[in-house]
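For what it's worth, this note's numbering labels the leading residue of the sequence shown as 43, then goes sequentially.
Yeah, the Cβ is synthetic: ideal placement off N, Cα and C, and Gly gets one too.
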Amino acid sequence: MTTLRLVLGDQLSSGVAALADIDPRTDVVLIAEVIEEATYVRHHKQKLVFFFSAMRHFARELSAHGITVDYVHLDDPANTGSLAGELTRAVKRHAAHRVVVTAPGEWRVLHLLEAWKEQSGISLEMREDSRFLASDAFRARWFNSPKPRRMEFFYRDMRRETGLLMNGDAPCGGRWNFDTDNRKRLPRDAAIPARLRIEPDPVTREVIDLVSGTFPDNVGAIVPFGWAVDRAGALAAFEDFIQVSLRSFGDYQDAMKAGAPFVHHSVLSPYLNAGLLTASEVCRRVEAEYRAGRVPLNAAEGFIRQILGWREYVRGVYWAQGPRYGESNALGADTPLPWFYWDAKTDMNCLHHAIGDTLRHAYSHHIQRLILTGNFALLAGIKPMEIAEWYLAVYADAIEWVELPNTHGMAIYADGGLLASKPYAASGAYINRMSDFCKGCRYDVRERSGPDACPFNFLYWAFLLRNQKQLRGNPRLAMPYRTLAAWPLEERRKIVEQARSFLDALASV
Ligand code: FAD
Ligand code: DLZ
Ligand code: SF4
Numbered sequence: 043m044t045t046l047r048l049v050l051g052d053q054l055s056s057g058v059a060a061l062a063d064i065d066p067r068t069d070v071v072l073i074a075e076v077i078e079e080a081t082y083v084r085h086h087k088q089k090l091v092f093f094f095s096a097m098r099h100f101a102r103e104l105s106a107h108g109i110t111v112d113y114v115h116l117d118d119p120a121n122t123g124s125l126a127g128e129l130t131r132a133v134k135r136h137a138a139h140r141v142v143v144t145a146p147g148e149w150r151v152l153h154l155l156e157a158w159k160e161q162s163g164i165s166l167e168m169r170e171d172s173r174f175l176a177s178d179a180f181r182a183r184w185f186n187s188p189k190p191r192r193m194e195f196f197y198r199d200m201r202r203e204t205g206l207l208m209n210g211d212a213p214c215g216g217r218w219n220f221d222t223d224n225r226k227r228l229p230r231d232a233a234i235p236a237r238l239r240i241e242p243d244p245v246t247r248e249v250i251d252l253v254s255g256t257f258p259d260n261v262g263a264i265v266p267f268g269w270a271v272d273r274a275g276a277l278a279a280f281e282d283f284i285q286v287s288l289r290s291f292g293d294y295q296d297a298m299k300a301g302a303p304f305v306h307h308s309v310l311s312p313y314l315n316a317g318l319l320t321a322s323e324v325c326r327r328v329e330a331e332y333r334a335g336r337v338p339l340n341a342a343e344g345f346i347r348q349i350l351g352w353r354e355y356v357r358g359v360y361w362a363q364g365p366r367y368g369e370s371n372a373l374g375a376d377t378p379l380p381w382f383y384w385d386a387k388t389d390m391n392c393l394h395h396a397i398g399d400t401l402r403h404a405y406s407h408h409i410q411r412l413i414l415t416g417n418f419a420l421l422a423g424i425k426p427m428e429i430a431e432w433y434l435a436v437y438a439d440a441i442e443w444v445e446l447p448n449t450h451g452m453a454i455y456a457d458g459g460l461l462a463s464k465p466y467a468a469s470g471a472y473i474n475r476m477s478d479f480c481k482g483c484r485y486d487v488r489e490r491s492g493p494d495a496c497p498f499n500f501l502y503w504a505f506l507l508r509n510q511k512q513l514r515g516n517p518r519l520a521m522p523y524r525t526l527a528a529w530p531l532e533e534r535r536k537i538v539e540q541a542r543s544f545l546d547a548l549a550s551v
């Protein structure tokens, strides 16, 4: 009796639940490249290459361990183009009596698997995705109210739950959070180390040809392609991060620099999200580096917080809020996504770099996403669904469970404060403090209005004025609202007018 074990493109871990009790004598693993998954947004070309190549490598690894893998290629003429269609065909091919799958990472795929089960009448067992540090039961207990408690409390509970960076009941170093030690500017002459890139092997080169031929108009550069596509490569990239950047990760977590897309970030998110690395192994290893005295606590804690805290927390928010989470629009944002998000052609130097990095690498680091592209979308009032679709398309690590809460909740506050205690709105001064972009910009970061004024400045104040009904009462925004209140009416009018004509001009490009 054959059990068909479906492994999705972001479930490429040998320990994934669907494979736990596999019987290599009878069972078959199904991995399918389907046009439906390749087109639900217009993915960056490198994202497509990364997923397809990683899927092909994973299939080879399973085969090498004596497991029968039924691998469906995108250009197989019989490919139906959908996961449901491929499940139906594979069940027939192998006369399978049941299907086992690990719970998928988005509502859309969950719904399509449920619909397939209903319509096919075949037994489909969906297992908990045990690759996360917070179990389904823990999340159910924690996210049991309509408005989740803040990430910091979740993070502390996760520290207690896992024992990571704990000395008995107390956090290492006597504090839970070293965030305030993580905001240093990069010294002017700071050397940023080069990061490990993996040369494409024949499998990846074949996928590069496939993707360039099938998706020629998708966003982004396809080469140079330097992502790891198997576990060995991902482990090498992780080791490289530990050796060259982990000790500086904490200090410079919020820093940005022109020409340095990775700064000291780990660049591991695609590997974690696709399953080439597990959250548990990277956190344990980083903790061990700290305990061995090789990296400072603010680096280890800062890194572990991103994974044990933020990554697990946003997943909790995504599933607890339901499939309609992305439909809210708390601030009534209605500006269309400016075209420069797709080609980086803007004279705002910071955005030119952040979007340029994105197009070149299918990557930009967190502060670029939050304080540059995200903050601009917030201040300009870009339509939530358009900006969410952009983030889902352009990053190699973008899977909806992690992309949507970060975009909809953290970056643009479209959920009205479910995830963030205040909008991450920042004027040019903050960007100038944390980067070297402003000195190469055609705008003047010190100017608030006028032809040379930095757009982040007048957009910031216009944003606060436009949304004062909702935001004025927020104690964390009391200071800027006090500043605004002291301005003459004429000054406020001028700012609003400049913001309006700037956005009108963008819409007409
Ligand atoms: P590092 O800075 O080295 O952090 C280490 C790891 O922590 C990351 O690999 C990641 O797994 C995790 N992490 C860090 N911050 C977050 C966070 N806020 N939420 C979840 N995990 C986090 N991350 C994605 O994985 N996929 C996305 O689609 C995604 N979309 C985002 C959209 C916006 C608007 C914003 C503001 C953030 C988004 N993030 C997303 C979170 C974060 O920006 C990326 O995880 C990070 O930039 C990946 O680079 P890194 O591996 O070098 O991270
Ligand atoms: C991202 C992605 C892409 C591009 N292609 C496939 C695919 O062809 N087949 C597949 O099984 N998975 C793919 N994936 C990952 C899925 O989109 C992912 O499993 C869902 O977003 C649910 O987490
Ligand atoms: Fe960005 Fe304004 Fe600085 Fe230019 S002046 S780089 S637009 S923050």
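Item	Value
Check: residue 173 C-beta below 8 Å from any heavy atom of ligand 5	For the structure depicted, ligand 5 is absent and the ligand set comprises only ligand 1, ligand 2 and ligand 3.
Spatial distance of residue 202 from residue 211 (CA atoms)	7 Å
Residue 195 burial status per 10 Å Cβ neighbour count (16 or more: buried)	exposed
Nearest-angstrom Cβ-Cβ length linking residue 427 and residue 368, presumed shorter than 8 Å	7 Å
Completely contained beta strand (DSSP E) runs for the segment 386 to 462, where each covers 3 or more residues	none
In DSSP terms, what residue 72 is bridged to	48 and 112
Contacting residues, own chain, Cβ-Cβ under 6 Å from residue 83 (five flanking each side not counted)	431, 434 and 435
Straight-line gap, residue 116 to residue 50 (C-alpha atoms, nearest Å)	14 Å
Check: residue 355 C-beta below 8 Å from any heavy atom of ligand 2	no
Own chain partners of residue 541 with C-beta closer than 7 Å, once the 5 adjacent residues on each side are dropped	500, 501 and 504
Cβ pair count under 8 Å reaching 3, the segment 472 to 479 against the segment 293 to 300	yes
Collapsed DSSP secondary structure at residue 139 in the structure displayed	strand
Whole-angstrom distance between residue 256 and residue 387, CA atom to CA atom	26 Å
Neighbour-count burial assignment, residue 449, 16 or more Cβ in a 10 Å radius	buried
Separation of residue 417 from residue 529, as counted between CA atoms	24 Å
Three or more C-beta pairs below 8 Å linking the segment 402 to 412 and the segment 303 to 319	yes
Coil, strand or helix - residue 168 by DSSP	strand
Contacting residues, own chain, Cβ-Cβ under 7 Å from residue 267 (five flanking each side not counted)	88, 91, 242, 246 and 250
Within the segment 208 to 264, ranges of the beta strand (DSSP E) (whole runs, at least 3 residues)	none
Where residue 616 sits in the DSSP three-state scheme	Only positions 43 to 551 of the chain appear in the structure, and residue 616 is not among them; the question remains open.
Residue 65 versus residue 108 - alpha carbon distance	10 Å
Cβ-based neighbour list, residue 392, same chain, cut-off 6 Å, excluding 5 preceding and 5 following	414, 473 and 479
Distance CB(residue 460)-CB(residue 189) smaller than 9 Å	yes
Nearest neighbour of residue 467, chosen from 438, 409, 445 and 128 [CA to CA]	409
Segment contact, 8 Å Cβ cut-off, at least three pairs: the segment 312 to 332 with the segment 275 to 284	yes
Ligand 3 heavy atom lying under 8 Å from the CB of residue 399	no
Length of the line joining the Cα atoms of residue 101 and residue 519	52 Å
Proximity winner among 348, 532, 535 and 510, relative to residue 523 (alpha-carbon distances)	510
Any heavy atom of ligand 3 within less than 5 Å of residue CB: hits in chain order	390, 391, 392, 470, 473, 479, 480, 483, 485, 487, 496 and 498
C-alpha distance - residue 316 paired with residue 53, whole-angstrom precision	6 Å
Closer than 8 Å: residue 97 CB and nearest ligand 2 heavy atom	yes
Start-to-end residues for the alpha helix (DSSP H) that takes in residue 466	Element bounds for residue 466: n/a, residue is neither H nor E.
Given residue 498 as reference, the closest of 365, 384, 471 and 176 once Cα atoms are compared	471
Residue 637, buried or exposed, once every other Cβ within 10 Å from all chains shown has been counted against 16	Outside the displayed range of the chain (43 to 551) lies residue 637, so it cannot be described from this structure.
Straight-line gap, residue 463 to residue 139 (C-alpha atoms, nearest Å)	49 Å
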